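Have a look at the structure below, then the notes.
Protein chains: 2
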Amino acid sequence: MGNDLSYKDKKVITIGVVRDLTGLSERQIRYYEERKLIFPERTAGGSRKYSFSDVELLMKIANKIEDGIQTHEIRKEMIREQKKQNQDEMRRKMIQGQLNAQFGLRKN
Amino acid sequence: MGNDLSYKDKKVITIGVVRDLTGLSERQIRYYEERKLIFPERTAGGSRKYSFSDVELLMKIANKIEDGIQTHEIRKEMIREQKKQNQDEMRRKMIQGQLNAQFGLRKN
DNA sequence: CGTGTAAGGAATTCTGACACG
DNA sequence: CGTGTAAGGAATTCTGACACG
Chain A
1 MGNDLSYKDK KVITIGVVRD LTGLSERQIR YYEERKLIFP ERTAGGSRKY
51 SFSDVELLMK IANKIEDGIQ THEIRKEMIR EQKKQNQDEM RRKMIQGQLN
101 AQFGLRKN
Chain B
1 MGNDLSYKDK KVITIGVVRD LTGLSERQIR YYEERKLIFP ERTAGGSRKY
51 SFSDVELLMK IANKIEDGIQ THEIRKEMIR EQKKQNQDEM RRKMIQGQLN
101 AQFGLRKN
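Protein chains in written order, with UniProt numbering: chain A, 1 to 108; chain B, 1 to 108.
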């Protein structure tokens, strides 16, 4: 079933609150976006909006940076993980598709 | 076990986003606070912060207002519900206490 | 009673740049 | 490379008040 995109992934938190939640500076938070590690949405007026998932991700990123890993490396890691997840999702869907074809109408 | 106070109840959403999420005006949102129906937290600078629960509650409130119910009535309803919940919680705890006393150490 | 609005000010956020290392 | 900072401007939010009904 398609994930609800419930609270955890809704982009509703402005950068100031994210700063307070993570302890990072706004500069850092914006920089990680520049390096394509994080992707906030924007309000009509142009302010960034983050989700709780983003907040968690930011803390993971901050930890890696503290360990001396560069943003470029972090990005590659993230892309790798993303690919893997996509594959898993693909497999899951294909198997479900097979089952549906043979035993019918269980709507994904 | 004490609820995690996870995403749903964390006060992190500024009034502008709440406005967009609920379709209410900022005026309405602030007024319902004045009438003690909703209790946002504040940032260091004094801006209001709401939770997803608050957003849901606001929409319920808005529905009741549309039905012609006055804020004072809504407040009484809410207090009634709150009392009931407290009682239920109290009973639950007492029963748990009894069980612990007789059969020991299952930590709530 | 519930809501809109104009008013003035303060807090928030934005971008692009310079600095350091 | 990652981060701090001062700069100027725009968007956001706040409060108290007047208005209407």
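Every residue, glycine too, gets a C-beta built ideally from N, C-alpha and C. Since the structure is predicted, the reported quantities are computational estimates derived from the model, not experimental observations.
Minimum Cβ-Cβ distance from residue i to chain A less than 8 Å
| i | result |
| --- | --- |
| B:THR43 | yes |
| B:PHE103 | no |
| B:PHE52 | yes |
| B:ILE13 | yes |
Below-8 Å beta-carbon distance, residue i vs any chain B residue
| i | result |
| --- | --- |
| A:GLY16 | yes |
| A:ILE38 | no |
| A:LYS49 | yes |
Backbone CA spacing between residue i and residue j [nearest angstrom]
| i | j | result |
| --- | --- | --- |
| B:SER47 | B:THR14 | 7 Å |
| A:PHE103 | A:ILE95 | 12 Å |
| A:ASP88 | A:GLN82 | 10 Å |
| B:ILE79 | B:ASN86 | 10 Å |
| B:GLY97 | A:GLU26 | 48 Å |
| A:GLU73 | B:LYS10 | 32 Å |
| A:LYS84 | A:LYS93 | 14 Å |
| A:GLU41 | A:LYS64 | 24 Å |
| A:GLU66 | A:GLU34 | 18 Å |
| B:GLU77 | B:GLY45 | 33 Å |
| B:GLY68 | B:ALA101 | 50 Å |
Under 8 Å between C-beta atoms of residue i and residue j
| i | j | result |
| --- | --- | --- |
| B:TYR7 | A:PHE39 | no |
| B:ILE29 | B:VAL12 | no |
| B:LYS36 | B:ARG91 | no |
| B:VAL55 | B:LEU21 | yes |
| A:THR43 | B:GLY16 | yes |
| B:TYR32 | B:ILE61 | yes |
Interface residues of chain A facing residue i [CB-CB closer than 7 Å]
| i | result |
| --- | --- |
| B:LYS8 | TYR7 |
Expected contact under 8 Å - CB spacing of residue i and residue j to nearest Å
| i | j | result |
| --- | --- | --- |
| B:LEU24 | B:LEU57 | Between B:LEU57 and B:LEU24 the Cβ distance is about 12 Å, and since that is not below 8 Å, they are no contact. |
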